[in-house]
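Residue numbers (the numbering used here): 6 to 319.
The beta-carbon is built from N, C-alpha and C at its ideal position, and this holds for glycine as well.
This report concerns only the one structure given below.
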Amino acid sequence: MHMRFFEDLDDALPFCKALSSNIRIQILKLLNQEKELNLNELATRIGITNGAMTSHIRILEEAGIINTRTVVAKHGVQKLCSLRMEKYVIHIGHIGRKYNQNSFSVEIPPGQYVDYEVTPTCGIATTERIIGVYDMPVYFSDIEHFQAQIVWFTTGFVEYEIPNYLPEQAVLKEILFQAELGSEAAAYNNDYKSDIHFYINGMFIGTWQSPGDFGGVKGFYNPDWWAPSMNQYGTLMEFSINKEGTFFEGKKYSDFTIDQLNICPGSRIRLRLAVPEGLPNSRGLTIYGRGFGNYNSGMIIRIDYETNSKRGDS
């Protein structure tokens, strides 16, 4: 499913304004049914003039809700309209904010890894340019890799250091991870499943399957120089670990609990994303950050904890 994520209400304002019209809602319903209609067809079905329809289409297009393309037909040039996404998610409040006094969140750019081992096809890029050249793993060591907002490889891993801001006396309750991820194919392949493996401090957390390496439709936040032939966006996924077990996409994955990680104040937290070599669905990993994909965010890690004064009294 093609989906766009708004990270706060300000980001969603043009989208909300575009929906504040019964006529534009009718346009979206028709496009959802027919997939693609020209401007004349839309105007006739809704019962308004072509000039009025042009105004509504412009608003929907500027808000990123529909795509338009111009084609040559028997009776001249016509503009075809289609939906850009199938689902929209509005987050009330910034996803990287602190949730309460016993919780903290960090946003980690894809290029901020502290260790890696990757195979081609692979690469890293900032919002301004490719770092190095395509398909040469040595450039993952480039001094500028910390600035990369998109990272991709076929097999191997990238590993990140998660800041541990747990105060003294704190007991870890939950770790939540959220990121826009995709598979990695040459160019792109919308049906290209890849199993992504997650580890924390060397302990296996679970596997999430990316449905594809999506392209053909421009990622909403991609820079203008990013080629249409490249992958464009991923899937927003999440997993969490708490005292009840491990959960992927809100569904229980295993009985592996937060206590088994033995994370305490001052200890290191290492997160590894890996695609092992030689497995049936080892079809790569792409990590999207700010300025790429559909969600305009790095990897979000939220850590919840509780204080335990008894630990200091013993």
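I need the boundaries of the beta strand (DSSP E) containing Gly83, first residue and last residue. Your numbering for residue 83 matches position 78 in the sequence shown. For the sequence presented, residue 83 should be read as Gln rather than Gly. First-last of the beta strand (DSSP E) with Gln83: Gly81 to Leu88.
Mapping DSSP to helix, strand and coil, what is Tyr197? The residue given as residue 197 occupies position 192 in the sequence shown. Coil.
Hey, quick one: how far does the alpha helix (DSSP H) through Lys34 stretch, first residue to last? On the sequence shown, position 29 is the one that residue 34 refers to. Asn27 to Glu39 is the span of the alpha helix (DSSP H), which, as asked, contains Lys34.
According to DSSP, simplified to helix, strand and coil, what is Gln117? Locating residue 117 in the sequence shown gives position 112, where the first residue counts as 1. Correct three-state label for Gln117: coil.
Below 8 Å on the Cβ atoms is my contact criterion, and I expect Asn169 with Arg275 to pass it. Report the Cβ-Cβ distance as a whole number of Å. Counted from its first residue, the sequence shown places residue 169 at position 164. Counted from its first residue, the sequence shown places residue 275 at position 270. Not quite, the Cβ-Cβ distance comes to about 10 Å (not below 8 Å), so this is no contact.
Reference Gln117, options Gln154, Ser60, Ile30 and Ser25, closest by Cα: Here the question's residue 117 lines up with position 112 in the sequence shown. For the residues Gln154, Ser60, Ile30 and Ser25, the minimum Cα distance to Gln117 belongs to Gln154.
Please go through the same chain and pick out, in chain order, the residues whose beta-carbon is closer than 6 Å to the beta-carbon of Leu44, but skip the five residues on each side of it. One-based indexing of the sequence shown puts residue 44 at position 39. So the qualifying residues of the chain are Met58 and Lys84.
Selection from Tyr165, Val280, Asn247 and Trp230 that minimises the alpha carbon distance to Arg273: To locate residue 273, count along the sequence shown from 1; it is residue 268. Ranking the options by Cα distance to Arg273, first place goes to Tyr165.
On the three-state DSSP scale, how would you describe Leu18? Taking the first residue of the sequence shown as 1, we reach residue 18 at position 13. Reduced to three states, the DSSP call for Leu18 is helix.
Spatial distance of Leu266 from Tyr193 (CA atoms): Translated into positions along the sequence shown, residue 266 becomes position 261. Translated into positions along the sequence shown, residue 193 becomes position 188. Distance between the alpha carbons of Leu266 and Tyr193 is about 36 Å.
Cβ pair Glu179, Leu241 closer than 7 Å: In the sequence shown, residue 179 corresponds to position 174, counting from 1. In the sequence shown, residue 241 corresponds to position 236, counting from 1. No, these two residues do not count as a Cβ contact at 7 Å.
Straight-line Cα distance separating Phe225 from Ile62: Counted from its first residue, the sequence shown places residue 62 at position 57. Counted from its first residue, the sequence shown places residue 225 at position 220. Roughly 18 Å between the two C-alpha positions.
Rounded separation between Glu133 and Ser199 - CA only: Translated into the one-based positions of the sequence shown, residue 133 becomes position 128. Translated into the one-based positions of the sequence shown, residue 199 becomes position 194. Cα-Cα distance, rounded: 28 Å.
Arg63 - DSSP class collapsed to helix/strand/coil: Stepping through the sequence shown from its first residue, residue 63 is reached at position 58. In the structure shown, Arg63 sits in a helix (DSSP, three-state: H, G or I).
In whole angstroms, what separates the C-alpha of Arg102 from that of Ile305? Taking the sequence shown and counting its residues from 1, the one referred to as residue 102 is at position 97. Taking the sequence shown and counting its residues from 1, the one referred to as residue 305 is at position 300. Reliability of the predicted coordinates at Arg102 is poor, the pLDDT of 45 falling under 50, and the value obtained from them is presented with this limitation in mind. When rounded, the separation of the alpha-carbon atoms in Arg102 and Ile305 is 10 Å.
Just tell me which of Glu66, Gly283, Tyr238 and Thr159 has its CA closest to the CA of Glu189. As a working note, residue 189 is residue 184 in the sequence shown. It is Thr159.
Per DSSP, what are the beta-bridge partners of Asp218 in this structure? Here residue 218 refers to the residue found at position 213 when the sequence shown is read from its first residue. The partner list for Asp218 (beta bridge, DSSP) reads Asn194.
Using DSSP with H/G/I as helix, E/B as strand and the rest coil, what is Asp318? By 1-based counting over the sequence shown, the position of residue 318 is 313. At Asp318, the pLDDT of 46 sits below 50, so the modelled position is not reliable and the matter cannot be decided from this model.
Among Ser110, Glu254, Asp140 and Phe162, which has the Cα closest to the Cα of Ser287? As a first step, residue 287 is located in the sequence shown; it is residue number 282 there, counting from the start. Among Ser110, Glu254, Asp140 and Phe162, the Cα nearest to that of Ser287 is on Phe162.
Of the residues Ser108, Ser302, Leu284 and Pro285, which one's Cα is nearest the Cα of Ile292? The residue given as residue 292 occupies position 287 in the sequence shown. Here the closest residue by C-alpha is Ser302.
Does DSSP put Ala279 in a helix, a strand or coil? Here residue 279 is taken as the residue at index 274 of the sequence shown, counted from 1. The three-state reading of DSSP puts Ala279 in strand, counting E and B together.
DSSP three-state call for Leu24: helix, strand or coil? Counting from one through the sequence shown, the residue named residue 24 turns up at place 19. Coil at Leu24, not helix or strand.
Out of curiosity, what's the CA-to-CA distance linking Asp4 and Lys22? The displayed coordinates of the chain run from 6 to 319. Any statement about residue 4 would go beyond what the structure contains.
So, does the stretch 65 to 78 touch the stretch 23 to 36, judging by three or more C-beta pairs under 8 Å? yes
Could you spell out the range, first to last residue, of the alpha helix (DSSP H) harbouring Thr49? To locate residue 49, count along the sequence shown from 1; it is residue 44. Leu44 to Ile51 is the extent of the alpha helix (DSSP H) around Thr49.
7 Å Cβ shell around Pro216 - same chain, five flanking residues per side excluded: As a position in the sequence shown, residue 216 is number 211, starting the count at 1. For Pro216, where only same-chain residues beyond five positions count, the Cβ hits under 7 Å are Lys198 and Thr240.
From the DSSP secondary-structure annotation, give me the bridge partner or partners of Gly207. Your numbering for residue 207 matches position 202 in the sequence shown. DSSP lists no partner for Gly207.
Give me, in chain order, the residues of the same chain whose beta-carbon lies closer than 7 Å to that of Thr54; leave out the 5 immediate sequence neighbours on both sides. The residue labelled residue 54 in the question sits at position 49 within the sequence shown. For Thr54, where only same-chain residues beyond five positions count, the Cβ hits under 7 Å are Ala48.
CB-CB length for Ile210 against Thr262, believed under 8 Å: Taking the first residue of the sequence shown as position 1, residue 210 is located at position 205. Taking the first residue of the sequence shown as position 1, residue 262 is located at position 257. Not confirmed; about 11 Å, so no contact.
Nonlocal neighbours in the same chain, by C-beta distance under 7 Å from Gly296, ignoring five residues either side: Start at 1 with the first residue of the sequence shown, and residue 296 comes out as number 291. Here the set comprises Thr132, Gln154, Tyr226 and Pro228.
Beta carbon proximity, Asn45 to chain D, threshold 7 Å: Annotation note: the requested chain D is absent from the structure, which comprises a single protein chain.
For Ser259, name the three-state secondary structure that DSSP assigns. Along the sequence shown, one-based indexing puts residue 259 at 254. DSSP places Ser259 in strand when its eight states are reduced to three.
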